[in-house]
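The sequence shown maps to residues 1 to 189 in the UniProt record's numbering. Please read the structure below before turning to the comments.
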Amino acid sequence: MTVSDWDVREDCSPSVLVALYLRQALGVRYPDELPQLRGVERGGEASGGVERLWRRYWDMTVEPQAHPSPVPLELVDGFGTHVALPAYAGALRDALAPHGPAALAYARDAVDRYERTRRSYRGYAGAVVEFERRAGRRAHGFALHVQVLPLAQRGVWWIGALTIAVSDTLRSDVAAFDAAMQPILHDVA
Numbered sequence: 001m002t003v004s005d006w007d008v009r010e011d012c013s014p015s016v017l018v019a020l021y022l023r024q025a026l027g028v029r030y031p032d033e034l035p036q037l038r039g040v041e042r043g044g045e046a047s048g049g050v051e052r053l054w055r056r057y058w059d060m061t062v063e064p065q066a067h068p069s070p071v072p073l074e075l076v077d078g079f080g081t082h083v084a085l086p087a088y089a090g091a092l093r094d095a096l097a098p099h100g101p102a103a104l105a106y107a108r109d110a111v112d113r114y115e116r117t118r119r120s121y122r123g124y125a126g127a128v129v130e131f132e133r134r135a136g137r138r139a140h141g142f143a144l145h146v147q148v149l150p151l152a153q154r155g156v157w158w159i160g161a162l163t164i165a166v167s168d169t170l171r172s173d174v175a176a177f178d179a180a181m182q183p184i185l186h187d188v189a
């Protein structure tokens, strides 16, 4: 297998960060297993309607090609191009409106930290080679999107069909990161 047979894209997406900031600020629980962002207070529990709308928004944000909106989306004032919602999502739009400046500032800071440290991160080839050695076979072709996020807990979590969230603290530990990637690679490769 050649490196071109698999595609791993790593990012620290401001849009994903804004969505997770809003998740905490609004008191949304989904995705239940994903830890909170560091340094963001959790709001009171979200209403069922806001939670349902946020889930749709989350799916479109994390994997927009897999979850296209069936209706046109409108950018939400105060969030630049990072939050777009359908016209019928007024309850979510109203709930998140006051959080725009803080969410954008948090995302900017997290992206800046990621950009400063990502050059020191080891690539994915080593983890794939280790998977191939353990599996006794070549990795099948696969695509994987990786979001490196400032999560309060160290680890790796699936947040979409082809997308994982990795805590920045795990990503900076080469040995632990390669080991944590093995079950993920087993699933996709």
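Note that beta-carbon positions come from the ideal geometry of N, C-alpha and C, so glycine has one too.
Are the CB atoms of residue i and residue j nearer to each other than 9 Å?
| i | j | result |
| --- | --- | --- |
| residue 193 | GLU63 | Absent from the structure is residue 193, since the part of the chain shown begins at 1 and ends at 189. |
| GLY43 | GLN24 | yes |
| GLY141 | ASP5 | yes |
Between the options, which lies nearest to residue i when the distance is taken from Cα to Cα?
| i | options | result |
| --- | --- | --- |
| VAL16 | ASP178, PRO86, GLN153 and GLY160 | GLY160 |
| PRO70 | LEU85, VAL76 and THR81 | LEU85 |
| LEU144 | TRP157, ASP94, VAL188 and VAL156 | VAL188 |
| ALA46 | TYR30, LEU34 and ALA152 | TYR30 |
| ARG154 | LEU34, LEU20, VAL8 and GLY123 | LEU34 |
| PRO72 | MET60, GLY78 and PHE79 | MET60 |
| PRO98 | VAL156, HIS67, ARG122 and PHE79 | PHE79 |
| GLY90 | ARG116, ALA102, GLU74 and ALA165 | GLU74 |
| ARG122 | VAL76, PHE177 and GLN147 | PHE177 |
| VAL40 | ARG116, THR117 and TYR106 | TYR106 |
| ASP77 | GLY126, ASP109, LEU170 and LEU92 | LEU92 |
Alpha carbon to alpha carbon, how far is residue j from residue i? Give it in angstroms, no decimals.
| i | j | result |
| --- | --- | --- |
| CYS12 | VAL28 | 21 Å |
| PRO183 | PHE131 | 9 Å |
| LEU53 | ARG134 | 42 Å |
| VAL111 | VAL18 | 11 Å |
| VAL129 | ALA175 | 14 Å |
| ARG119 | HIS82 | 25 Å |
| VAL3 | GLN147 | Its pLDDT being 48, under 50, VAL3 is placed unreliably in this model, and the value from its coordinates should be taken loosely. Each residue's Cα considered, the two are about 20 Å apart. |
| TYR124 | HIS186 | 14 Å |
| ARG171 | ASP94 | 35 Å |
Using the beta-carbon count (16 or more within 10 Å), is residue i buried or exposed?
| i | result |
| --- | --- |
| TYR88 | exposed |
| PRO150 | buried |
| MET1 | With a pLDDT of 40 at MET1, under the threshold of 50, the predicted position of this residue should be treated as unreliable, though the coordinate-derived value follows. Per the 10 Å Cβ criterion, exposed. |
Tell me, to the nearest whole angstrom, how far the beta carbon of residue i is from that of residue j; I am working on the premise that it is less than 8 Å.
| i | j | result |
| --- | --- | --- |
| TYR114 | ASP168 | 7 Å |
| LEU96 | LEU26 | 6 Å |
| VAL156 | ALA139 | Not quite, the Cβ-Cβ distance comes to about 17 Å (not below 8 Å), so this is no contact. |
| ALA152 | LEU20 | Going by Cβ atoms, the distance from ALA152 to LEU20 rounds to 11 Å, so no, they are not a contact pair. |
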